[in-house]
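The block underneath contains the structure these notes are about, expressed in structure tokens.
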Amino acid sequence: MKFNSIDVMKKIFIYLLLSITFVGCNSKKTAEELFNNDASGVVVILNEFYYKIQIPNRETIYFTGIDNEGNLENFTLDINEIIKNRKMLTGTGFFIDKEGSILTNRHVAQPTIDIAQAKQGFIGLIRSLKELLQGQLENMQSEYYNLDTQKSNCTYYDNYGNPYTDQANLSEIVQKQSEIETNFNELLQTYNNLDANLDPEALIISSVCEIGIAYNNTFVTNDKDFIDKNPCVVVRVSEKEDVDLALIQLKNKKTPNDSYIFTTAEQNAKSKSFTKLFSGNKDEEKLKINQQLYMIGYNAGLTLANTQKGINVQMTSGKLTQLPDGQRLLYSIPTLQGSSGSPVIDEYGNLVAVNFAKLSGTDNFNFGIPVEKIKDFMKW
Numbered sequence: 000m001k002f003n004s005i006d007v008m009k010k011i012f013i014y015l016l017l018s019i020t021f022v023g024c025n026s027k028k029t030a031e032e033l034f035n036n037d038a039s040g041v042v043v044i045l046n047e048f049y050y051k052i053q054i055p056n057r058e059t060i061y062f063t064g065i066d067n068e069g070n071l072e073n074f075t076l077d078i079n080e081i082i083k084n085r086k087m088l089t090g091t092g093f094f095i096d097k098e099g100s101i102l103t104n105r106h107v108a109q110p111t112i113d114i115a116q117a118k119q120g121f122i123g124l125i126r127s128l129k130e131l132l133q134g135q136l137e138n139m140q141s142e143y144y145n146l147d148t149q150k151s152n153c154t155y156y157d158n159y160g161n162p163y164t165d166q167a168n169l170s171e172i173v174q175k176q177s178e179i180e181t182n183f184n185e186l187l188q189t190y191n192n193l194d195a196n197l198d199p200e201a202l203i204i205s206s207v208c209e210i211g212i213a214y215n216n217t218f219v220t221n222d223k224d225f226i227d228k229n230p231c232v233v234v235r236v237s238e239k240e241d242v243d244l245a246l247i248q249l250k251n252k253k254t255p256n257d258s259y260i261f262t263t264a265e266q267n268a269k270s271k272s273f274t275k276l277f278s279g280n281k282d283e284e285k286l287k288i289n290q291q292l293y294m295i296g297y298n299a300g301l302t303l304a305n306t307q308k309g310i311n312v313q314m315t316s317g318k319l320t321q322l323p324d325g326q327r328l329l330y331s332i333p334t335l336q337g338s339s340g341s342p343v344i345d346e347y348g349n350l351v352a353v354n355f356a357k358l359s360g361t362d363n364f365n366f367g368i369p370v371e372k373i374k375d376f377m378k379w
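The numbers in numbering that gives the first Met the number 0 rise by one with no breaks, and the one at position 336 of the sequence shown is 335.
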């Protein structure tokens, strides 16, 4: 078999050219370069939510949470009332494709509640209602008997012993007793029906969310700037308890053209046909102790984000303080509430984790969900 030396040289030249290009595109970047390049792909998420309890074959009950004493907050049967009183939270998310898909935390997209505690709160509420109804029933009985006494006073005798009855007054008393009896029976039926709702296993509790986003360097004045302008839907949430991830998507399914799309090192390699250079090791195994990492997010939500120039995302940095264990990354990046769902990147701009929790008692040690877990959730 003959080899054409010119063809061989061409292939070598092309390989070297691609290698130079590859190295150039994946060289370390300064924090300023990373921020200027990536910030456009990070969004602040607003979630307005409440909870509902579905009682089999009965009405739906709404509430917004559980107070410190275990009571249901803003308990109501009126859907319009609960919408007025729904709670609000903010978090961070980032684009991962051109179809408006945004990765964030599950607790941002679909806030959970302790189901067992909520059920106990509901049972406590039912018991309180029964006590209240029982008091009302007793008051009705007492009022009914008092009217009986008044009925006897409607009949009187003249000096000759002839009986006379005040028919007008008697009719009024009889009418009042009839109304009390009707209300009593209705209230008694409600009281008895409450017993049928005391089975916690029959209750279905879920959250109802309305989600929207706002972009970096834009102005927002109220919730409509999120919900109405850039509404989102929850595509799916992780069913694994230890994987706090969720995927939401713009309803128009269009990532703005000027928004950065976050990718992993492996995705970058595949896009440049250099998969082999990255084969053999998992992304998280390439991370080194004390490696420089950056997080881009909305610490403290709109409290810090709001500036004279609109909402501005923040970049914080730190070091990898513990080798990955396959479940989480631990790093010394300071965070505040609102940074949940923020992308954590390395010095090359590769996505290495999604921020999800802080070490209790400190703001300077935080946990991220590693790339392997993200890839498994996204089926990458």
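Heads up, the beta-carbon is just placed ideally off N, CA and C, and yes, glycines get one too.
> Among residues of its own chain, excluding the 5 on either side of I81, which ones have a beta-carbon nearer than 6 Å to its beta-carbon?
Replying inline: The residues Y49, Y61, T75, in chain order, have a CB closer than 6 Å to that of I81 in the same chain once the five nearest residues on each side in sequence are set aside.
> Based on Cα-Cα distance, which residue from F376, G69, S206, Q248 lies nearest to K239?
Replying inline: Closest by alpha carbon: F376.
> Nearest to G300 by alpha carbon, out of T63, L131, L88?
Replying inline: The candidate whose alpha carbon is nearest that of G300 is L88.
> Any chance the region 343–353 sits against the region 286–296, with 3 or more Cβ pairs inside 8 Å?
Replying inline: Yes, the region 343–353 is in contact with the region 286–296.
> How long is the line joining the alpha carbons of D222 and N215, rounded to whole angstroms?
Replying inline: Between D222 and N215, the C-alpha separation is close to 16 Å.
>> If I measure Cβ to Cβ from K372 and keep anything under 6 Å in the same chain, skipping five residues before and after, which residues do I get?
In response: In its chain, beyond the 5 residues on either side, V242 have a beta carbon closer than 6 Å to the beta carbon of K372.
>> On a Cα-Cα basis, can you pick out the residue from I78, N73, V107, N67 that is closest to T59?
In response: Per the Cα distances, I78.
>> If you measure between the beta carbons of G99 and V42, is that distance less than 7 Å?
In response: Taking the C-beta atoms as reference points, V42 is found no nearer than 7 Å to G99.
>> Out of I101, K357, D198, G348, which one is the CA nearest neighbour of I381?
In response: The chain is shown from 0 up to 379; residue 381 falls before or after that span and cannot be answered.
>> Starting from Q326, trace the beta strand (DSSP E) in both directions and tell me its first and last residue.
In response: Going by DSSP, Q326 is part of no beta strand (DSSP E) at all; its letter is neither H nor E.
> Looking at C-beta atoms only, is the number of pairs between the region 173–190 and the region 134–154 that lie closer than 8 Å three or more?
Replying inline: Yes, they touch.
>> Residues in the same chain with beta-carbon distance under 8 Å from F183, minus the five sequence neighbours each way, listed in chain order, please.
In response: Counting only Cβ-Cβ distances below 8 Å, and skipping sequence neighbours, we find L136, M139, Q140, Y143.
> If you compare alpha carbons, which of E68, K378, S339, D66 is closest to I368?
Replying inline: Closest by alpha carbon: S339.
>> If I follow the unbroken alpha helix (DSSP H) through Q30, where does it start and stop?
In response: The amino acid occupying residue 30 in the given sequence is Ala; Gln does not appear at that position. For A30, the uninterrupted alpha helix (DSSP H) segment begins and ends at 30–37.
> P333: which of L322, D324, A356 sits nearest, CA to CA?
Replying inline: When each option's Cα is compared against that of P333, the closest is A356.
>> If the criterion is Cβ atoms closer than 7 Å, does the pair L193 and K129 meet it?
In response: Cβ distance < 7 Å, so L193 and K129 count as in contact.
> Excluding the five sequence neighbours on either side, which residues of its own chain have a C-beta within less than 7 Å of the C-beta of S272, listed in chain order?
Replying inline: Note on S272: pLDDT 49, under 50, position unreliable in the model; no value is reported.
>> Is it buried or exposed, S341, if we count other Cβ atoms within 10 angstroms and call 16 or more buried?
In response: Buried, since its Cβ has 16 or more Cβ neighbours within 10 Å.
>> Quick check on I95: does DSSP put it in helix, strand or coil?
In response: Secondary structure of I95 (DSSP, three-state): coil.
>> What does the Cβ neighbour count give for N102, buried or exposed, with the cut at 16 atoms within 10 Å?
In response: The amino acid at residue 102 is misidentified as Asn; the sequence shows Leu. Buried.
> Who are the Cβ neighbours of G40 in its own chain at under 7 Å, not counting the five residues just before and after it?
Replying inline: The residues are F93, F94, S258, Y259, I260, F261.
>> Between which two residues does the beta strand (DSSP E) holding Q291 run?
In response: From DSSP, the beta strand (DSSP E) with Q291 extends over 291–296.
>> My output table needs one value for N184: the three-state DSSP class, helix, strand or coil.
In response: DSSP places N184 in helix when its eight states are reduced to three.
>> As an exercise, report each continuous beta strand (DSSP E) stretch of at least 3 residues that is fully enclosed by the region 175–246, in chain order.
In response: Counting only runs of 3 or more, we get 203–214, 230–236.
>> If I measure Cβ to Cβ from L331 and keep anything under 7 Å in the same chain, skipping five residues before and after, which residues do I get?
In response: A small fix is needed here, since residue 331 is Ser in this sequence, not Leu. Once the five neighbours on either side are set aside, the close Cβ partners of S331 are G317, K318, T320, N363, F364.
>> On a Cα-Cα basis, can you pick out the residue from V107, S151, G160 that is closest to I212?
In response: Closest by alpha carbon: V107.
> Are the beta-carbon atoms of L244 and V234 separated by less than 7 Å?
Replying inline: No; because the gap between Cβ atoms is not below 7 Å, this pair is not in contact.
>> Taking the alpha carbon of K287 as the reference point, which residue from Y159, R85, D227, L322 has its own alpha carbon closest?
In response: Ranking Y159, R85, D227, L322 by Cα distance to K287 puts L322 first.
> Looking at the unbroken beta strand (DSSP E) that takes in I44, where does it start and where does it end?
Replying inline: Here the beta strand (DSSP E) through I44 covers 41–53.
> Could you give the residue range of the beta strand (DSSP E) that holds G69?
Replying inline: Run containing G69: none; DSSP gives neither H nor E here.
> Between N392 and E171, what straight-line distance do the alpha-carbon atoms span, to the nearest angstrom?
Replying inline: Residue 392 falls outside the range modelled here, since the chain spans only 0 to 379, and no answer is possible.
> For D257, which three-state DSSP category applies?
Replying inline: DSSP places D257 in coil when its eight states are reduced to three.
>> Between which residues of its own chain and G348 is the CB-CB distance below 8 Å, once the five residues before and five after are set aside?
In response: Contacts found: K28, L33, N36, D37.
>> Tell me which residues share the same chain as F218 and place their Cβ nearer than 8 Å to its Cβ, disregarding the 5 neighbours each side in the sequence.
In response: If we look at F218 and ignore the five residues flanking it on each side, its Cβ neighbours are D224, G309, I310.
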